[in-house]
Amino acid sequence: MHAVELEDVHVHVGGQHIIRGVTLNVPCNSVYVLMGPSGSGKTTLLRVINRLIDMVDGARVSGHVRVLGIDALKADPYALRRRVGMVSQIPNPFPHMTIYDNVAVAARINGVARGKREEGEVVEWALKKAMIWDEVKDRLHEHPHVLSGGQKQRLCLARALAMKAKVLLFDEPTANIDPVNARKLEGAISSLKDDATVIMVTHSPHQAARVADRVALIYEGRVLEEGAAKEVFLNPKDEFTVKFMRGEI
Ligand SMILES: Nc1ncnc2c1ncn2[C@@H]1O[C@H](COP(=O)(O)OP(=O)(O)OP(=O)(O)O)[C@@H](O)[C@H]1O
Ligand SMILES: [Mg+2]
Numbered sequence: 014m015h016a017v018e019l020e021d022v023h024v025h026v027g028g029q030h031i032i033r034g035v036t037l038n039v040p041c042n043s044v045y046v047l048m049g050p051s052g053s054g055k056t057t058l059l060r061v062i063n064r065l066i067d068m069v070d071g072a073r074v075s076g077h078v079r080v081l082g083i084d085a086l087k088a089d090p091y092a093l094r095r096r097v098g099m100v101s102q103i104p105n106p107f108p109h110m111t112i113y114d115n116v117a118v119a120a121r122i123n124g125v126a127r128g129k130r131e132e133g134e135v136v137e138w139a140l141k142k143a144m145i146w147d148e149v150k151d152r153l154h155e156h157p158h159v160l161s162g163g164q165k166q167r168l169c170l171a172r173a174l175a176m177k178a179k180v181l182l183f184d185e186p187t188a189n190i191d192p193v194n195a196r197k198l199e200g201a202i203s204s205l206k207d208d209a210t211v212i213m214v215t216h217s218p219h220q221a222a223r224v225a226d227r228v229a230l231i232y233e234g235r236v237l238e239e240g241a242a243k244e245v246f247l248n249p250k251d252e253f254t255v256k257f258m259r260g261e262i
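Be aware that the sequence shown starts at 14, since it is given in the numbering used here, and climbs by one per residue.
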């Protein structure tokens with residue numbers, strides 16, 4: 014069973030053809046990594062999966078997108094997004110809510126927590142899982158503007174986790190985080206596989222090698238190479254993949 018299936022997906026924005034026939038299947042309870050150079054279409058693919066692409070002016074999507082067995086292009090986007098959590102490349106905590114509420118609101122949306130006590134437990138669990146609990150536990154009722162960029166990103170990760178969504182989309186979740194915490198977060202991401210399917214963008218082949226079950230290399234809106242992570246890393250078929258792994262592109 015696949016958590017997400019893309020079949021011959023195309024995205025046009027204005028006059029540009031930015032996704033050019035992408036087909037890929039993401040197995041349930043796995044970590045699937047999208048790699049590729051800047052501008053290749055990774056974020057756009059994530060936005061197709063949770064229909065944030067609807068917010069892009071003039072975007073047109075064709076092909077088939079199934080998420081948890083549902084036709085994502087026909088589904089109610091709000092219902093879909095309750096089942097598909099996302100952490101964007103640029104952290105976007107809700108500025109007018111406290112740190113606590115930023116996470117609690119996600120738990121409330123999906124009815125994850127019944128009552129205040131359970132809500133507090135989910136918030137603490139999510140903040141711990143996102144490796145930020147120690148840094149915020151004494152200022153849960155402050156607003157997120159007091160946090161650093163990397164802390165905001167981990168807060169957004171906690172918000173996505175608190176939804177207990179079955180599909181999680183992470184767009185470079187460790188981009189603003191120091192290497193020690195990045196490694197810890199990778200551990201946390203791997204542990205999410207028990208309950209969810211993770212699709213993650215990273216620019217780091219090393220990170221991909223550590224966390225991915227499968228990887229796809231995206232280039233100019235197409236899948237250049239795709240497969241089990243071990244195979245792609247040990248035995249890349251495409252010359253471009255080899256160069257990308259070596260950091261030459
Ligand atoms: N709202 C938009 N309007 C027009 N073009 C867009 C829009 N969003 C993205 N694009 C174009 O689509 C292409 C893919 O962008 P996308 O953000 O998906 O790349 P990416 O692989 O995530 O890159 P990066 O690694 O830099 O985040 C780029 O050429 C970009 O300029
Ligand atoms: Mg991107």
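Virtual Cβ for every residue (Gly too), placed ideally from N, Cα, C.
Give the C-beta separation of Val-35 and Arg-235 to the nearest angstrom, bearing in mind that I take them to be a contact with Cβ-Cβ under 8 Å. 7 Å
Taking the C-alpha atoms as reference points, what is the distance between Asp-184 and Arg-130? 31 Å
Collect the residues with a C-beta less than 5 Å away from any heavy atom of ligand 1 and give them in sequence order along the chain. Val-26, Ile-31, Ser-51, Gly-52, Ser-53, Gly-54, Lys-55, Thr-56, Thr-57, Val-69
Check whether the Cβ of Val-224 sits closer than 7 Å to any heavy atom of ligand 2, and report yes or no. no
May I ask you to check if the CB of Gln-102 is nearer than 7 Å to at least one heavy atom of ligand 2? yes
Rounding to the nearest angstrom, what Cα-Cα distance links Gly-98 and Lys-179 in this structure? 8 Å
At a cut-off of 7 Å, would you count Val-149 as near ligand 2, judging by its Cβ distance to the nearest heavy atom? no
Backbone secondary structure at Asn-38 - three-state DSSP: strand
Is Leu-205 near Leu-181, with beta carbons less than 8 Å apart? yes
Counting only the same chain and skipping the five closest in sequence on each side, list residues whose C-beta sits under 7 Å from that of Trp-146. Glu-137, Leu-140
Cα separation between Arg-259 and Arg-121? 44 Å
Name the two residues that bound the continuous beta strand (DSSP E) containing Glu-239. 235–241
Since Ala-16 and Pro-40 are thought to touch, with beta carbons under 8 Å apart, how far apart are those beta carbons, to the nearest angstrom? 7 Å
When the Cα of Ile-62 is compared with those of Leu-230, Arg-96, Met-14, which residue comes out closest? Arg-96
Spatial distance of Val-78 from Leu-47 (CA atoms): 17 Å
Taking Glu-134 as part of the alpha helix (DSSP H), name the residues at either end of that continuous run. 128–142
By Cβ distance below 7 Å, which residues in the same chain neighbour Val-255 in space, the five residues on each side in sequence not counted? Pro-249
Ignore the nearest five residues each way along the sequence and tell me which others in Arg-73's own chain have a CB closer than 6 Å to its CB. His-25
Val-214: beta carbon under 7 Å from a heavy atom of ligand 2? yes
Taking only the alpha-carbon atoms, compute the straight-line gap between Pro-108 and Ile-190 and give it to the nearest angstrom. 20 Å
How would you label Pro-213, buried or exposed, when you count the other beta carbons within 10 angstroms and need 16 or more for buried? Correcting the residue type first, residue 213 is Met in the shown sequence and not Pro. With 16 or more other Cβ atoms within 10 Å, it is buried.
On a Cα-Cα basis, can you pick out the residue from Glu-239, Val-69, Lys-150 that is closest to Gly-27? Val-69
Leaving out five residues before and five after Ala-119 in sequence, what residues of the same chain have Cβ atoms less than 6 Å from its Cβ? Arg-172, Ala-175, Met-176
Drop a sphere of 10 angstroms on the beta-carbon of Met-144, count the other beta-carbons inside from all chains shown, and report buried for 16 or more, exposed for fewer. buried
Are Ile-31 and Val-22 touching if we call contact CB-CB under 8 Å? no
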